[in-house]
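Residues in the sequence shown are numbered consecutively from 53, following this note's numbering.
C-beta atoms are modelled at their ideal positions from N, C-alpha and C, and glycine is treated no differently.
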Amino acid sequence: MRRLAAALVTGALCAAVLAASSTSAVRARPRVSVIVDSIITAIPSTPPARSLLGRNIELNFLAVTCRRLVQPSCWYNGTRPPTAMDVILSSGGSLGETVVVESGYNEYVQVYSQDIDIVMQALVDSGVQTVLWVTLREQRPDYATMNEQIREAAGRWPQLVVVDWNAASKNRPWFNSDALHLNEQGAFGMARLLRKFVIQYACGGSCAGPPRPPQ
């Protein structure tokens, strides 16, 4: 009887440890927030691309049309969507340690650099450790200037990592007629690019998972 009781106790303890380990594993998935404008909305609307980007992480996708960083967002469907600052300040520190930011196509080049700094300070204050900042596709001179401002900001902010979408997307059939918004191929192209950085910076390779599906 004593042996049986001991075995039952041991079994119960093992089950508790396994349950705790399982819960810990679930909680260990890194949370990655994606604060972007309409350019990247093709990813959440293309389920396989979203699944690729979100594999083994807790993906918090925050995309709205006309979003700006700090300046009031442009009008869309009779309202101004929340700015990146609105999202950060209302997050209560729940964004996670890694955040993807893409914004600029609706921005004012004259204040873009200072707005990057404002957003970076707010993200750091919220506990974010790495900001994956996506460059703009240089279809206008202003966008090239903003990309330079992003790179300059990386020199001021060690938390800022430049994700060079402009270079990655050159000569690719990834865009709608405006050469900016993504089609389905572009959704996969952007997801694959962001995935590389997420694996490296959000989880140190531990969320790599199985090979990606065929293109």
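Look at the stretch 99-152 and you find these whole runs of alpha helix (DSSP H), each 4 residues long or longer: 99-106, 136-141.
Excluding five sequence positions before and after ASN158, the CB atoms of its chain that fall closer than 8 angstroms to its own CB belong to ASP89, CYS118, ARG119, ARG120, SER125, CYS126, given in chain order. Per DSSP, the continuous alpha helix (DSSP H) segment holding ILE170 begins and ends at 161-177.
Looking at ILE251, GLU200, LEU234, GLN211, the one whose alpha-carbon comes closest to that of SER221 is LEU234. The stretch 189-201 and the stretch 237-254 do not touch, with fewer than three beta-carbon pairs separated by less than 8 angstroms. In this structure, TYR164 and VAL213 do not form a Cβ contact; the two beta carbons are roughly 18 angstroms apart against a cut-off of 8 angstroms.
Annotation for ARG83: the continuous beta strand (DSSP E) segment containing it runs 83-88.
Taking a cut-off of 8 angstroms on C-beta distances, the stretch 172-184 does not touch the stretch 97-113, as fewer than three cross pairs fall below it. DSSP places TRP217 outside any beta strand (DSSP E); the residue lies instead in the alpha helix (DSSP H), whose first and last residues are 217-220. According to DSSP, residue pairing for LEU212 in a beta bridge involves VAL183.
Scanning its chain for C-beta atoms nearer than 7 angstroms, with the 5 sequence neighbours on each side dropped, one finds around PHE249 the residues LEU184, VAL213, VAL215, in chain order.
For LEU232, the three-state secondary structure derived from DSSP is coil. Annotated three-state conformation of GLU200 is helix, per DSSP. When only Cα atoms are considered, ILE168 and ARG102 end up about 26 angstroms apart.
By the 16-neighbour rule on beta-carbons within 10 angstroms, LEU105 is buried. With a cutoff of 7 angstroms on beta-carbon distance, SER85 and LEU141 are scored as not near each other.
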